[in-house]
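Everything below concerns the one structure shown next.
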Amino acid sequence: MPLYQLHYKANPALWPSDPKENLAMWEESTQAAEALLDSGNLHDLHLVTPTEGYARLTAESKTTALAIAASFFPMFTNEVVELVPWNEAKDPVLEAVRHAAGQG
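In this text, residue positions in the sequence shown follow our numbering: the first is 7, and each later residue adds one.
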């Protein structure tokens, strides 16, 4: 099954400025992320800043991965990319580079 990486960023303009409302929003987002981790849909979830991070998930298709990411929109924006395993990618990439160098 394909593996996707989500790069997510909080959309600060939409987050509440009131500290208690902000806490409630973070608690809700945290519970949703925990549910995805518990379900096995998300492999892992990492923060690089308090408002930005990466997640990896397996999904039948990119549209399924996009639907999972969309459940956090508009509070978070997402970039979704498919990760191609090294053993599947190395030969086609090497062949393309050889072809570009006139050796293939």
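Idealized CB from N, CA, C, for every residue including glycine.
This one's a predicted model, so the numbers in the text were calculated from it and none came from an experiment.
contact_flag[the stretch 81 to 92, the stretch 13 to 22] where n(CB pairs < 8 Å) is 3 or more:
yes
Taking the alpha-carbon positions, what's the Ala106 to Pro91 distance?
For this step, residue 106 is matched to residue 100 along the sequence shown. For this step, residue 91 is matched to residue 85 along the sequence shown. Whole-angstrom Cα-Cα distance: 23 Å.
Tell me Arg62's beta-bridge partners as DSSP assigns them.
Position 56 of the sequence shown, counted from the first residue, corresponds to residue 62. Arg62 is bridged to Gln11, Asp50.
Ends of the beta strand (DSSP E) at Val87?
For this step, residue 87 is matched to residue 81 along the sequence shown. From DSSP, the beta strand (DSSP E) with Val87 extends over 82 to 89.
Tell me where the alpha helix (DSSP H) around Trp32 begins and ends.
Your numbering for residue 32 matches position 26 in the sequence shown. Where Trp32 is concerned, the enclosing alpha helix (DSSP H) stretches over 25 to 45.
Nearest to Pro8 by CA position, among Thr70, Asn28, Met81, is which residue?
The count along the sequence shown starts at 1 and reaches residue 8 at position 2. Comparing Cα positions, the closest option is Thr70.
Alpha carbon to alpha carbon, how far is Glu101 from Pro56? Give it in angstroms, no decimals.
Taking the first residue of the sequence shown as position 1, residue 56 is located at position 50. Taking the first residue of the sequence shown as position 1, residue 101 is located at position 95. Cα to Cα, the separation comes out at about 41 Å.
Assuming Leu20 is part of the alpha helix (DSSP H), what are its boundary residues?
Sequence index remark: in the sequence shown, residue 20 carries index 14 (1-based). Per DSSP, Leu20 belongs to no alpha helix (DSSP H) and is neither H nor E.
Per DSSP, what are the beta-bridge partners of Thr55 in this structure?
Working through the sequence shown from its first residue, we reach residue 55 at position 49. BP columns for Thr55 point to Glu58.
With 16 other Cβ atoms within 10 Å as the buried cut-off, status of Ala75
By one-based count along the sequence shown, residue 75 stands at place 69. So Ala75 counts as buried.
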